[in-house]
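A.B. asks: Take a look at this one; I'll ask things after.
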Amino acid sequence: MYAIHGAGVYFPKQRQFNPAMVRLAKAMGIGIDRWPGGCGVHLHDWKRTVGPIEKRQDWPFGLDEFMAWCKATGVPSVITISYFIGEPQDAADMVEYLNAPADGTNPGGGVDWAAKRAANGRREPYRVRYFEFGNETWHGNHQDIATVAAADYAKRYDRYHAAIKAIDPKAQLGVLTMNSSAGDRFPWTEEVLRTITTRPDFAIEHTYHPGYRAETGEPGAAVMFTALLAAPDQVEAYYAKLHGAIKRILGYDLPLAITEYNASFVQAKPVPYRHSLGTALWNGEMLRILSSPKHQILMANYWQFANSFWGQVRSAGGNSGTGEQFLRPNYFPYKLYHDYFQAQLVASRVVQCPTFSTDGFKEIEPARGKGSPVAGPVGPNLIETAKWGFTKAATVTHKVNDGVLHIAFPEPTDMNYFHAKVTRIPVKPNTYYVASCEVRCKGLEDEGGKGIGLAIGDTRGYTITKSQTVGPGVTGTKDWTRVEVVYHTLRDTQDVDVFARRLGGKRYGTIRGEAWVRGLTLREYTPRSFPAPATVSVNASRSADGRTLGIMLINRHFKESADCVLSLPGAQADSAFAQVLTGPAIDATNEKDAAKVGLRPLAVRADGSAVRLSLPPMSMTGLRVALRP
29 MYAIHGAGVY FPKQRQFNPA MVRLAKAMGI GIDRWPGGCG VHLHDWKRTV GPIEKRQDWP
89 FGLDEFMAWC KATGVPSVIT ISYFIGEPQD AADMVEYLNA PADGTNPGGG VDWAAKRAAN
149 GRREPYRVRY FEFGNETWHG NHQDIATVAA ADYAKRYDRY HAAIKAIDPK AQLGVLTMNS
209 SAGDRFPWTE EVLRTITTRP DFAIEHTYHP GYRAETGEPG AAVMFTALLA APDQVEAYYA
269 KLHGAIKRIL GYDLPLAITE YNASFVQAKP VPYRHSLGTA LWNGEMLRIL SSPKHQILMA
329 NYWQFANSFW GQVRSAGGNS GTGEQFLRPN YFPYKLYHDY FQAQLVASRV VQCPTFSTDG
389 FKEIEPARGK GSPVAGPVGP NLIETAKWGF TKAATVTHKV NDGVLHIAFP EPTDMNYFHA
449 KVTRIPVKPN TYYVASCEVR CKGLEDEGGK GIGLAIGDTR GYTITKSQTV GPGVTGTKDW
509 TRVEVVYHTL RDTQDVDVFA RRLGGKRYGT IRGEAWVRGL TLREYTPRSF PAPATVSVNA
569 SRSADGRTLG IMLINRHFKE SADCVLSLPG AQADSAFAQV LTGPAIDATN EKDAAKVGLR
629 PLAVRADGSA VRLSLPPMSM TGLRVALRP
């Protein structure tokens, strides 16, 4: 919930919480709050956020205010520690400020931070248990640091872990893993796990899909949300793979903290898809996944609660929090779980249900039929002889000798290199392709760690289509090394360009050295696919006394209702009540009309050992069943 003024949950001038936000947070059942969170933590100095407010005008919603918010809403906290600002001692000081008794024991020596906390109005320790070390640190601080190597992060993690445990052995510090949305690959994560020497308390993952940034609305909401709602199986497969990597490298497993998740639609036109019904259904599916014991989820944090860019609650006055509060679609899955889901999970499954398929979209893989783990190129090479074309690039030389492309960065250059390409290769729409080549490099020093590799993009250009995939590259001094990149064409793509590519710009730092590229090919590609999922998903629970069932049902079909019969083996239903979240279209929002997407009652019939109801298209239902004694 990063925001220096509180994003509308806090009124800085009155120095009090927004009572409407407190009420709404409780009503949706927030279970844990995170602060400061997000990339705002990169340059975050916690010591500037405590003390008399007149001395910290740039941080009116500081550490003590956040802890007071947690008390007001009745939830524990997880606090993110900056990788870039301060030293291990500063983190230890924060833990002392939060958790040490104000009795003069001063476990860290030096400044008595517990005494400072007491002077600031809080004598009793906050007893914060969970801390994260960094936020997506691999991508740098968006200022003067382009990237962070895995080994550097791991070594610094060890130092912070030791410093924090010295103050409070009960404090837990999470270790970062690379976001699953960065691709189904583990190089950075694996190196972190191989390098750390202390035992982490939990592993951190951020789950975002599909990674859409275009303002065109193409290829259409139906295509995008069909893929997104087929992706839960892929998220579960990724979590299993992440657990497998942790156990394989460390020799033991770790719980996962999904400290950010959402549908990553970063756009506004034709509608902000992140605030749509389809995204709400996706987050409903995430709640089902996160509640499953097999994934060992320690905590999970929806990004974000109030206002800002992703807020579930929108204030008429924006981040000031003033005026009426509006509930966006993403608020309601959590409200349904809070009101209907019970204390104990119950095994449940869907039978005799139709399935749906997707060709995949962006980071989401295909799901069709029974699925197939087999992936690979098919058909002929579409580039018989690579005809490299060049555009001018300052301080860079590139030329072709005997069919080998040579690229030289004679001096450190902070640039985004895409200036050598084979252009206008005819392709099929909505089809996967793989480009492959060999790269040799000499003294190729890349601050961003990307190096030279390949990219494929629509010939119309990234600015127009927002469609390009960049593959991994080669750095250092290496002999011929094979690299490849897989690309999914748009539904109106006719031609693609293949680039020799170095992803660069301000956040990636400089590159210097030489690289050679040979043997470029482009072929159609058959990706692996997941099984086609059922149109209906279910998550079931019961109360501690066994007298009430709470069942969550999502109908992922966009046009057809799902007539459901819930069998209750060994039990008899006495009564049932249901509410449903739905709307007129999968991309419907309620930004202008609050009633357009929201909750309404749903007819349900308790019939002995069965419960019958009809799920509307594009809907999430909360069902409560009272059982006969």
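The sequence shown maps to residues 29 to 657 in our numbering.
Every residue gets a Cβ at the ideal spot worked out from N, C-alpha and C, and that includes glycine.
Whole angstroms are fine: how far does the CA of leucine 270 sit from the CA of proline 260?
C.D. replies: Those two C-alpha atoms are separated by around 15 Å.
A.B. asks: Taking Cβ positions, are arginine 187 and proline 238 nearer each other than 7 Å?
C.D. replies: Taking 7 Å as the Cβ cut-off, arginine 187 and proline 238 do not qualify as a contacting pair.
A.B. asks: Could you tell me whether the Cβ atoms of glutamate 243 and isoleucine 286 are closer together than 7 Å?
C.D. replies: Going by C-beta atoms, glutamate 243 is not nearer than 7 Å to isoleucine 286.
A.B. asks: Does alanine 142 come out as helix, strand or coil in the three-state DSSP assignment?
C.D. replies: Residue state, collapsed to three classes: helix.
A.B. asks: How would you label valine 632, buried or exposed, when you count the other beta carbons within 10 angstroms and need 16 or more for buried?
C.D. replies: Buried, since its Cβ has 16 or more Cβ neighbours within 10 Å.
A.B. asks: Buried or exposed for glycine 417, please, with buried defined as at least 16 other CB atoms from any protein chain shown within 10 angstroms of its CB.
C.D. replies: Burial call: exposed.
A.B. asks: Assign tryptophan 338 to one of three DSSP states: helix, strand, or coil.
C.D. replies: Looking at tryptophan 338 - three-state DSSP - the assignment turns out to be coil, as it is neither helix nor strand.
A.B. asks: Does DSSP classify valine 406 as helix, strand or coil?
C.D. replies: Three-state DSSP puts valine 406 in a strand.
A.B. asks: Quick check: leucine 482 and glycine 499, are their CB atoms within less than 7 Å of each other?
C.D. replies: It is a contact, given that the beta carbons lie within the stated cut-off.
A.B. asks: Are the stretch 29 to 46 and the stretch 338 to 355 in contact at 8 Å, needing three or more beta carbon pairs?
C.D. replies: The answer is yes - the stretch 338 to 355 touches the stretch 29 to 46, with three or more Cβ pairs under 8 Å.
A.B. asks: Terminal residues of the continuous alpha helix (DSSP H) containing methionine 95?
C.D. replies: Here the alpha helix (DSSP H) through methionine 95 covers 91 to 101.
A.B. asks: On the premise that valine 526 lies in contact with alanine 463, defined as a C-beta separation below 8 Å, what is that separation, rounded to the nearest angstrom?
C.D. replies: 5 Å between Cβ atoms; contact.
A.B. asks: How about isoleucine 480 and leucine 410: do their beta carbons lie closer than 7 Å?
C.D. replies: Taking 7 Å as the Cβ cut-off, isoleucine 480 and leucine 410 do not qualify as a contacting pair.
A.B. asks: Taking DSSP as the reference, what is the three-state secondary structure of arginine 628?
C.D. replies: Here arginine 628 sits in strand by DSSP.
A.B. asks: Report buried or exposed for phenylalanine 45, applying the criterion of at least 16 other Cβ atoms within 10 angstroms of its Cβ.
C.D. replies: Result: buried.
A.B. asks: Exposed or buried, isoleucine 539, counting other C-beta atoms within 10 Å across all chains shown (16 or more means buried)?
C.D. replies: Buried: at least 16 other Cβ atoms inside 10 Å.
A.B. asks: Quick check on the DSSP output: the alpha helix (DSSP H) that includes valine 123 runs from which residue to which?
C.D. replies: Note, valine 123: alpha helix (DSSP H), 116 to 127.
A.B. asks: Find the nearest neighbour of aspartate 121 within the set Ala130, Gly137 and Asn347, judged by alpha-carbon distance.
C.D. replies: Looking at the Cα atoms, Gly137 is the closest of the given residues.
A.B. asks: Taking the C-alpha atoms as reference points, what is the distance between cysteine 98 and leucine 315?
C.D. replies: Each residue's alpha carbon lies about 21 Å from the other.
A.B. asks: Roughly how far, in whole angstroms, is the beta-carbon of threonine 610 from the beta-carbon of methionine 580, given that I think they are within contact range, below 8 Å?
C.D. replies: Actually they are not in contact, since the Cβ atoms of threonine 610 and methionine 580 sit about 14 Å apart, beyond 8 Å.
A.B. asks: Across the stretch 393 to 404 and the stretch 591 to 600, are there enough close Cβ pairs to call them in contact, namely three or more that are closer than 8 Å?
C.D. replies: Contact fails: fewer than three Cβ-Cβ distances are below 8 Å.
A.B. asks: Does the distance from the CB of glutamate 466 to the CB of arginine 546 come in under 7 Å?
C.D. replies: A contact, by the Cβ cut-off of 7 Å.
A.B. asks: Short check: CB of lysine 415 to CB of valine 450, under 7 Å?
C.D. replies: For lysine 415 and valine 450, yes; Cβs fall inside 7 Å.
A.B. asks: Apply the 10 Å Cβ neighbour rule to glutamine 200 and answer buried if 16 or more other Cβ atoms are within range, or exposed otherwise.
C.D. replies: Flag for glutamine 200 reads buried.
A.B. asks: Counting C-beta neighbours from all protein chains within 10 Å, is the total for valine 379 16 or more, i.e. buried, or is it exposed?
C.D. replies: Exposed, since its Cβ has fewer than 16 Cβ neighbours within 10 Å.
A.B. asks: Three Cβ pairs or more, each shorter than 8 Å: is that satisfied between the stretch 170 to 188 and the stretch 138 to 146?
C.D. replies: Verdict: no, contact absent.
A.B. asks: If you draw a straight line from the C-alpha of arginine 157 to the C-alpha of glutamate 475, how long is it?
C.D. replies: Distance between the alpha carbons of arginine 157 and glutamate 475: 35 Å.
A.B. asks: State yes or no: is the C-beta of valine 608 within less than 7 Å of the C-beta of tyrosine 553?
C.D. replies: Not a contact, by the Cβ cut-off of 7 Å.
A.B. asks: For isoleucine 58, which option in Arg640, Pro657 and His366 has the closest C-alpha, if you only look at C-alpha atoms?
C.D. replies: Selected option, being the one with the closest Cα: His366.
A.B. asks: Output the distance between the C-alpha atoms of leucine 204 and histidine 170, rounded to the nearest integer angstrom.
C.D. replies: One C-alpha to the other measures close to 18 Å.
A.B. asks: What does the Cβ neighbour count give for aspartate 212, buried or exposed, with the cut at 16 atoms within 10 Å?
C.D. replies: Reliability of the predicted coordinates at aspartate 212 is poor, the pLDDT of 46 falling under 50, and the value obtained from them is presented with this limitation in mind. Aspartate 212 comes out exposed.
A.B. asks: Alpha carbon to alpha carbon, how far is glycine 489 from histidine 426?
C.D. replies: The alpha-carbon atoms of glycine 489 and histidine 426 are separated by roughly 21 Å.
A.B. asks: Considering just the uninterrupted stretch of the beta strand (DSSP E) at tyrosine 158, what are its terminal residues?
C.D. replies: Tyrosine 158 -> beta strand (DSSP E) spans 158 to 161.
A.B. asks: Can the beta-carbon of aspartate 573 be found closer than 7 Å to that of threonine 521?
C.D. replies: Cβ atoms of aspartate 573 and threonine 521: not closer than 7 Å.
A.B. asks: To the nearest angstrom, report how far apart lysine 41 and isoleucine 32 are at their CA atoms.
C.D. replies: Approximately 13 Å between the Cα atoms of the pair.
A.B. asks: Going straight from the alpha carbon of valine 176 to that of tryptophan 166, what length do you get?
C.D. replies: Whole-angstrom Cα-Cα distance: 5 Å.
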